[in-house]
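Residue numbers (UniProt numbering): 1 to 107. Only one structure is covered here, and it is reproduced in the block below.
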């Protein structure tokens, strides 16, 4: 899931990669249409594995992907939205880290 979340976060810059860049950019933009669903899955998986590097990265990716949807959570929503907006400044960096951590998790 970290690879998928990372692709969504890096969809804008991944096209510069030689050979596979165009394909990965199209895949990332397609998956961006499912941003909320992917964000929910990432947050749940991140919370389940919060004590591992995979879980922490998944949680951070989930927060970034769900930033626009946090307003529906009473009380805690505004703080999560502020945190997600702040993390959004590091979206590309976190996306690259998520892809790398996801690939390392496959090995």
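Backbone N, C-alpha and C define an ideal beta-carbon position, used for all residues, glycine too.
Inter-residue spacing [alpha-carbon to alpha-carbon] between residue i and residue j
| i | j | result |
| --- | --- | --- |
| residue 40 | residue 18 | 31 Å |
| residue 53 | residue 105 | 10 Å |
| residue 50 | residue 30 | 28 Å |
| residue 70 | residue 82 | 9 Å |
| residue 56 | residue 87 | 13 Å |
| residue 67 | residue 84 | 5 Å |
| residue 103 | residue 6 | 11 Å |
| residue 109 | residue 77 | Lying outside 1 to 107, the shown extent of the chain, residue 109 is not represented and no answer is given. |
Same chain only: Cβ atoms within 7 Å of residue i, ignoring 5 sequence neighbours per side
| i | result |
| --- | --- |
| residue 47 | 59 |
| residue 110 | Residue numbering for the chain in the displayed model covers 1 to 107; residue 110 lies beyond these limits and cannot be assessed. |
| residue 13 | 92 |
| residue 101 | 2, 53, 54 and 57 |
Close Cβ partners of residue i (< 8 Å) along its chain, the five nearest in sequence each way excluded
| i | result |
| --- | --- |
| residue 15 | 21, 22, 24 and 25 |
Worksheet item: So, do the segment 58-67 and the segment 81-99 have three or more beta carbon pairs nearer to each other than 8 Å?
Response: yes
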